[in-house]
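These protein sequence lines map, in sequence, to chains A and B. Just so we're aligned: the first sequence equals residues 1 to 169 in the working numbering. Just so we're aligned: the second sequence equals residues 1 to 893 in the working numbering. Note that the Cβ used here is the ideal one computed from N, Cα and C, for glycine as well. Scroll down for the structure; my scribbles are underneath it.
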Amino acid sequence: MRDELMTVVYNELRQIANSYLQRERPNHTLQPTALVHEVYLRIVGQENVRWQNREHFVGIAAQMMRRVLVDYARGHNREKRGGGLYKMSLAEADRLLSVKEVDLVMLDEALNKLALKHPQKSRIVELRFFGGLSIEETAKVLRVSDSTVERDWKFARAWLLREVSSEDL
Amino acid sequence: MNTLERLEEAEKLFHAALEREPQELDLFLSESCGGDSALRKEVESLLTSYYRDEEFLQSPAFKLSAAELADRALGQDEEASAVGKRVGTYRLVREIGRGGMGAVYLAVRDDGQYEQQVAVKLIKRGMDTDSILRRFRNERQILANLVHPNIARLLDGGTNSDGLPFLVMEYVEGQSIDAYADTHKLSTAERLKMFRIVCAAVQYAHQNRVIHRDIKPGNILVDREGTPKLLDFGIAKLLHSDLSTPITEATSAALRVLTPEYASPEQVLGEPVTTATDIYSLGVVLYELLTGHRPYRFEKRHPDEITKVVCHQEPEKPSIAISRVEEITLEGGTGLSTITPASVSEARESDPERLRRRLRGDLDNIVLMALRKEPRRRYASAEQFSEDIRRHLNGLPIAARKDTLFYRGVKFFKRNKGYAVYTLAVALICLLLGVFLALFTVRIKTRESIAVLPFVNSSDDPNMEYISDGFTDGLIDSLSRLPRLNVPGHNSVFRYKGRSIDPQSAGRDLRVETVLTGSVMTDGDNILVTIALFESGNNQSILSKQYRGKSSDIQTMQAEIEQDVSHRLGLLLGDEQQRQLQRRGTSNTEAYNFYLKGNYSWNKRTVESLYKAIEYFQKAIEIDPDYALAYSGLANSYSLLGAYRVLSPDQSFAKAKVAAKRALEINPTLPEGHTSLALIVWLYDWDWGGADSEFRRAIELNPNYPLAHHWYGLFLGEMGRFDEAVAEEKRALQLDPVSVPIIADLGRVYFFARRYDEALEQFMKAYGTGTNVGDFSVNFSDLYEQLGKMDALAMPDNINLQLKQAIAAGSIKTYWRNRLERYEQKPPNWANHYPEAEFLARLGENGRAIEQLNSAYEAHDHLMTQLKVNPAFDGLRSDPRFDELLRRMNLAD
Numbered sequence: 001m002r003d004e005l006m007t008v009v010y011n012e013l014r015q016i017a018n019s020y021l022q023r024e025r026p027n028h029t030l031q032p033t034a035l036v037h038e039v040y041l042r043i044v045g046q047e048n049v050r051w052q053n054r055e056h057f058v059g060i061a062a063q064m065m066r067r068v069l070v071d072y073a074r075g076h077n078r079e080k081r082g083g084g085l086y087k088m089s090l091a092e093a094d095r096l097l098s099v100k101e102v103d104l105v106m107l108d109e110a111l112n113k114l115a116l117k118h119p120q121k122s123r124i125v126e127l128r129f130f131g132g133l134s135i136e137e138t139a140k141v142l143r144v145s146d147s148t149v150e151r152d153w154k155f156a157r158a159w160l161l162r163e164v165s166s167e168d169l
Numbered sequence: 001m002n003t004l005e006r007l008e009e010a011e012k013l014f015h016a017a018l019e020r021e022p023q024e025l026d027l028f029l030s031e032s033c034g035g036d037s038a039l040r041k042e043v044e045s046l047l048t049s050y051y052r053d054e055e056f057l058q059s060p061a062f063k064l065s066a067a068e069l070a071d072r073a074l075g076q077d078e079e080a081s082a083v084g085k086r087v088g089t090y091r092l093v094r095e096i097g098r099g100g101m102g103a104v105y106l107a108v109r110d111d112g113q114y115e116q117q118v119a120v121k122l123i124k125r126g127m128d129t130d131s132i133l134r135r136f137r138n139e140r141q142i143l144a145n146l147v148h149p150n151i152a153r154l155l156d157g158g159t160n161s162d163g164l165p166f167l168v169m170e171y172v173e174g175q176s177i178d179a180y181a182d183t184h185k186l187s188t189a190e191r192l193k194m195f196r197i198v199c200a201a202v203q204y205a206h207q208n209r210v211i212h213r214d215i216k217p218g219n220i221l222v223d224r225e226g227t228p229k230l231l232d233f234g235i236a237k238l239l240h241s242d243l244s245t246p247i248t249e250a251t252s253a254a255l256r257v258l259t260p261e262y263a264s265p266e267q268v269l270g271e272p273v274t275t276a277t278d279i280y281s282l283g284v285v286l287y288e289l290l291t292g293h294r295p296y297r298f299e300k301r302h303p304d305e306i307t308k309v310v311c312h313q314e315p316e317k318p319s320i321a322i323s324r325v326e327e328i329t330l331e332g333g334t335g336l337s338t339i340t341p342a343s344v345s346e347a348r349e350s351d352p353e354r355l356r357r358r359l360r361g362d363l364d365n366i367v368l369m370a371l372r373k374e375p376r377r378r379y380a381s382a383e384q385f386s387e388d389i390r391r392h393l394n395g396l397p398i399a400a401r402k403d404t405l406f407y408r409g410v411k412f413f414k415r416n417k418g419y420a421v422y423t424l425a426v427a428l429i430c431l432l433l434g435v436f437l438a439l440f441t442v443r444i445k446t447r448e449s450i451a452v453l454p455f456v457n458s459s460d461d462p463n464m465e466y467i468s469d470g471f472t473d474g475l476i477d478s479l480s481r482l483p484r485l486n487v488p489g490h491n492s493v494f495r496y497k498g499r500s501i502d503p504q505s506a507g508r509d510l511r512v513e514t515v516l517t518g519s520v521m522t523d524g525d526n527i528l529v530t531i532a533l534f535e536s537g538n539n540q541s542i543l544s545k546q547y548r549g550k551s552s553d554i555q556t557m558q559a560e561i562e563q564d565v566s567h568r569l570g571l572l573l574g575d576e577q578q579r580q581l582q583r584r585g586t587s588n589t590e591a592y593n594f595y596l597k598g599n600y601s602w603n604k605r606t607v608e609s610l611y612k613a614i615e616y617f618q619k620a621i622e623i624d625p626d627y628a629l630a631y632s633g634l635a636n637s638y639s640l641l642g643a644y645r646v647l648s649p650d651q652s653f654a655k656a657k658v659a660a661k662r663a664l665e666i667n668p669t670l671p672e673g674h675t676s677l678a679l680i681v682w683l684y685d686w687d688w689g690g691a692d693s694e695f696r697r698a699i700e701l702n703p704n705y706p707l708a709h710h711w712y713g714l715f716l717g718e719m720g721r722f723d724e725a726v727a728e729e730k731r732a733l734q735l736d737p738v739s740v741p742i743i744a745d746l747g748r749v750y751f752f753a754r755r756y757d758e759a760l761e762q763f764m765k766a767y768g769t770g771t772n773v774g775d776f777s778v779n780f781s782d783l784y785e786q787l788g789k790m791d792a793l794a795m796p797d798n799i800n801l802q803l804k805q806a807i808a809a810g811s812i813k814t815y816w817r818n819r820l821e822r823y824e825q826k827p828p829n830w831a832n833h834y835p836e837a838e839f840l841a842r843l844g845e846n847g848r849a850i851e852q853l854n855s856a857y858e859a860h861d862h863l864m865t866q867l868k869v870n871p872a873f874d875g876l877r878s879d880p881r882f883d884e885l886l887r888r889m890n891l892a893d
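Okay, structure coming up:
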C-alpha cells in the first residue's frame, strides 16, 4: 500500500517536474517551493489514495521532498558534466530554498549509508531537514519520545557531517 | 568488543561527552575508552564533526514543511475515509473530492439491482445537520424535478447510520469546461457555442426557481462526448442557511467554498442572491473561457482588497486581458503555468492579434454586461445572455452596450454608502478564504533590454536579403520605441550579420538580458518568418513562433512580432506611455487596416497610388478621428503630389499642412508628424531654419525613422550642406537599405554636389531595381543634360531616348530648343516657368531665364528651393539678378 502510494505520487511529481523543465518559462530553474505547492495540489487531487492518517502523510511528504530535491540536484550535476560536485549557488539557494552550501547528492548518499546502520536516525534527518519538521512533530510521526529524536538528531548530524567532509577531502 | 558493539558504545559515549565541559573531555575519554584507541578515535571524530558546524542541517531544505503540507492537504480536522462504507443503498467506492462541507465519493448501488454509478456527497460532522435536513426535505422535490440533459441530477438523500446527511447525485466523468476547451483547442466560436448550452441549462433551472449560487468551471464538467453538465445545482442553498443575512456563520461557511474570483458582489457583501448572481458567475466563466484569465486578480487576498476588487473595480476588457502575462498556480493542481498571449491564443487555435480582434467590441461588451456590479443591470436572464451571443455569432447587432460615463459616476456615489456595514462580514469571509488561497501566486516578470540579431535570409535568393534585414531594422525601430526597453541600434547588431553566433555570447557582448533571433524564408510572394527569443543568461528560448504572410503583410507581421515579443518580455506600460502609444496609433482594427493600405500605396509613390493613399488615410481618419499617424500619412500623400507637381502648391502643400498640424495636435511627440511638417515648411513655407529644426526634432524623437533622414538629406543638399546631406541619406539607407527613392535621392544629393560619377552610380543602382519610382527619370535626364556627351550610350533608352539620341548626335542644343518650344506652346501654367528657365539657362539666354525664374518664384513653385544648387543655373550665377533672387529666397550665402 505504502510503496504503491509512493510510486503514484512520486510519478506525479516527476511529471510535474518534467513539464516544468520542458515548458517555456521565464525561468527554467525548478522552484522547489512552487513544486511543493504542486505536490500538495496533486496529493489533494489523488483519487486512488487514502491516507492512513496525518503522520502517514507527513512522513511520505518528507520522503518525496527529499527525492525530488535530490533528483533535481543530480540532474543539475549531469548538466554540469565535469563541473564537479553540485553546490547550489547562494543566490539560487536564497531564492528557492533555505539550504546553503549543502551538497545534496552527497548528503543523500551519506543518508543512505546511515540508514543501513541506523534507519531511524536516517528517517529523523529526512523529516527534520527535508520535511522541515520540529523535534516534536518528528517524534509524533515516528512514535518515539522527543528526547530520543533530539539525541538521534545530534548524533546523525555529527555522523553525516563527518561522512560528507571525509569524502570531500 | 566487536565492531557493532563498538559503534553502539561510541554513540553512547558521544552523547555522554556532549554533557561534559570541553576541558573535562580528555579525561572523560581516557577513562571511558580505556585502552581502546579505535573507540576513542571514533568518538573523537564524531565530536569534532559535531562541534565543527552546529548549524549543519539545522535549517530545513524547503520553506514549507511536510506538516504544513499535510494540514493544507487534509484540512485541519482529521476525518476518516468512508470508502467501503454503505450509505443508504449505496456503497462508497472512492473519494472523488473534498471540500469545506465534506467529501464526495463515487458510489454504486449495493442492492445488486443495477450497476449505476453515482456521486455521494457526505456532509461532515459539525455542519448544521438539522437545518440541512430540513431544507433538504423542503427542496428535494424541486431538485429531483430538475431533469435536463445538461444538469447532473439530484437522485436521493438522507442520513447515514451516523446521522450525517448525504446527497446522491448523478455521477459525471469529465473535465472542467475550461480544461476541456483548452485540451481540445476549441476556437472562440466553439467555446461560445458550448457556453450557450450551459446558459440553456441555467435558464431551465431558473425557470424551475432554482438558483445555482456557485457556478464556476469546476462545477461544469464536459464528458467524452463533449456534453457539458452542471453539477451541484441548488446544493449551495441546501447546505447553507438563507444567504440574505450578511453576518452569519452560515454566510461565511457558504463563502468558504467560493473563491473570490467567481463570487458576485452581492455574494461578497452578503446581499440577497438572485438569478442575476448566476448570470454574473456565468460571465466570469465566459471571461475565463475566452481569455484564459480571470476578470480579477488579487494580490494579498486581504478582506478589504477582495471587497474593493469584486465590488468596485471594473474588470479589464477581455480583448485587453489576453495581453496579460501571468504566472499562476492553477486550481486543482493542473500545474503552475505561465499564461501568455501566445499560450492563450494557441489554445484557441488563433494568434494574439487575431484573438484580440475576435474579442474586441461585441464580446467585450457581452462579457462586461454579465459582469456588471449591479444585478439589475446585467442580462435579465441566461436566455438573453445566450441570445446576445447567438446574435454575435450570426453577425447581428447585439444588445450589450458599453457602460456609460454617467453610470459609472452614479455608481461611485452609491457604492460609498454603507460601505462599512459590509466590511466585517467580508473580513470574516476573507479570513477563511485566505487559508485556502495563500498558495495562489501571480507574478509578472519584466526584462529591460533586448538585442535584435540580424534576421537570416533562408531563401535561396540572396536578393531577398533586404527583407530579412528589413525585419531586423523594423523590429529594432519598433522595439526601441517601447518605453523602458533598451535596444542596441542597427550598427551594434549588424556586425553579427552573416556570422554564426550563439545568442548567449551575443547577449553578453551587447549586455542585454534577452536576444531575439529570426529567419525569413520567401517563396514568391509568400513570406515565412521564424523567431526565437532567448534569455542571454542561460541560452534558453523563452518564445519561438512562426509568422506567415504575403510580402504586402510585412508591416503587419512585424507588428505581430513586436507585440508578441513585448508581451513575452512582460512589459507593462504606464498610463501615460499607453496614452502616448495610443495617440500614435489606433485601437480600431479597421482604421489600422486602412492605415496599412494607405502606407503601402504611399510607398509605391505613383500619382495613382498617392491618390489611393489619400483615400485610405481618409477612411482611417473617418473611423478614428484621433489617429495621428493617419493624418501624417495623409499629409505626406498630398505633399508628394505637390512635390511631383501634379497638384499646385496651394492644392497640395496647403492641405498637407492642415493634416500634419492635426497629427501634431493629437500627439506633439510624433516623429512622423514632425517629418511631415518639416517637408512642408521646407518646400512650401521656404522657411529653412524652421524646416531644419522640424527635421531635427523628428530625428531626436525617433533616430531610426528612415524617412526623416531621407528628406532631411535632400533638404540639406538643396541648402548646399553636402557632407551632412550625404551622411543623412546614407543613414536613411542603413535604416531602409533597399528603398529606391532613397537610393535615387542619394544620387540627387551627389548631383547637387557636382559629384556626377557617384550620382550616376546611384541612379543606375536605382534603375537596376526595376522600379521606377516617382520623379526619378527626371534625375537621370538632369544628370545627362549636365554631363552632355559623357557616356550618353550608357543611359537606358527608356529614360529619355530623345535626349540620348541628341547627345549621341551632338545636337543637344537643338534638343534643348525643341523642349523649350514645346513648353512655350503649352497653355500658361505655374509649373512651366522653372523648366523653361532651366532650358533657357542651358542655352545661355540668361535674361529670359531670370524672367522665368521670377515667375516661378511668384508661382511659388517648390523647385525654386533648388535654386542655390541646381547645376543647370551655373551659367546664371555671376548675374546680379540671380543673386537678388537667391537673397529674396534667403538662399544667399
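- Classified as exposed, valine 147 of chain B has fewer than 16 neighbouring CB atoms from the shown chains inside 10 Å of its CB.
- Sequence-distant Cβ neighbours of lysine 216 of chain B in its own chain, meaning closer than 6 Å and more than five residues away, are Tyr262.
- For alanine 152 of chain B, the nearest beta carbon of chain A is not closer than 8 Å to its own beta carbon.
- Distance from the CA atom of isoleucine 96 of chain B to the CA atom of glutamine 313 of chain B, rounded to whole angstroms, is 36 Å.
- Secondary structure note for proline 165 of chain B: its beta strand (DSSP E) is the uninterrupted segment 165 to 170.
- Less than 8 Å separates the beta-carbon of phenylalanine 130 of chain A from that of alanine 61 of chain B.
- Under the three-state reduction of DSSP, threonine 522 of chain B is assigned to strand.
- DSSP places glutamine 734 of chain B within a helical segment (H, G or I) once states are collapsed to three.
- What serine 45 of chain B touches in chain A, judged by beta-carbon distance under 7 Å, is Arg162, going in chain order.
- Chain-ordered listing is empty here: chain B has no CB closer than 7 Å to the CB of glutamate 109 of chain A, the nearest sitting near 15 Å.
- Checking the DSSP bridge columns, you'll see proline 228 of chain B partnered with B:Val222.
- About 4 Å separates the beta carbon of serine 676 of chain B from that of alanine 660 of chain B, a gap short enough to meet the 8 Å contact definition.
- When the Cα atoms are used, glutamate 170 of chain B and leucine 290 of chain B turn out to be separated by approximately 28 Å.
- Within the DSSP bridge table, the entry for serine 676 of chain B names no partner.
- Inclusion of serine 386 of chain B and arginine 360 of chain B in the CB contact set at 8 Å is not warranted, their separation being larger than that value.
- At a Cβ-Cβ threshold of 8 Å, valine 273 of chain B and arginine 213 of chain B count as neighbours.
- The beta carbon of lysine 308 of chain B sits closer than 6 Å to no other beta carbon from its chain once the five residues preceding and following it are set aside.
- In the DSSP assignment, threonine 159 of chain B falls within the beta strand (DSSP E) that extends over 154 to 159.
- Interface criterion not met: the Cβ of leucine 25 of chain B is under 8 Å from no Cβ in chain A.
- Within chain A, the residues whose beta carbon sits less than 8 Å from that of aspartate 53 of chain B are Leu161, listed in sequence order.
- Assignment of beta-bridge partners to threonine 514 of chain B by DSSP yields B:Ile450 and B:Glu535.
- Put simply, the stretch 832 to 843 of chain B does not touch the stretch 679 to 690 of chain B. Fewer than three CB pairs are less than 8 Å apart.
- Apart from the 5 residues on each side of it in sequence, glutamine 651 of chain B has no Cβ closer than 7 Å to any other Cβ in its chain.
- Interface with chain A (8 Å Cβ-Cβ cutoff): tyrosine 756 of chain B is excluded.
- Excluding its 5 nearest sequence neighbours in each direction, aspartate 111 of chain B has C-beta neighbours in its own chain below 8 Å: Thr89, listed in chain order.
- Note that the C-beta distance between leucine 167 of chain B and lysine 121 of chain B is below 8 Å.
- Within the stretch 677 to 710 of chain B, contact with chain A at the beta-carbon level (separation under 7 Å) is assigned to no residue.
- Using a 10 angstroms sphere on the CB of valine 285 of chain B, the tally of other CB atoms reaches 16 or more, which defines it as buried.
- Bounds of the alpha helix (DSSP H) holding leucine 801 of chain B are 801 to 809.
- Closer than 8 Å to the CB of serine 65 of chain B there is at least one CB belonging to chain A.
- Lysine 550 of chain B sits away from isoleucine 531 of chain B, with the two beta carbons spaced by 8 Å or more.
- DSSP places valine 749 of chain B in the uninterrupted alpha helix (DSSP H) bounded by 740 to 752.
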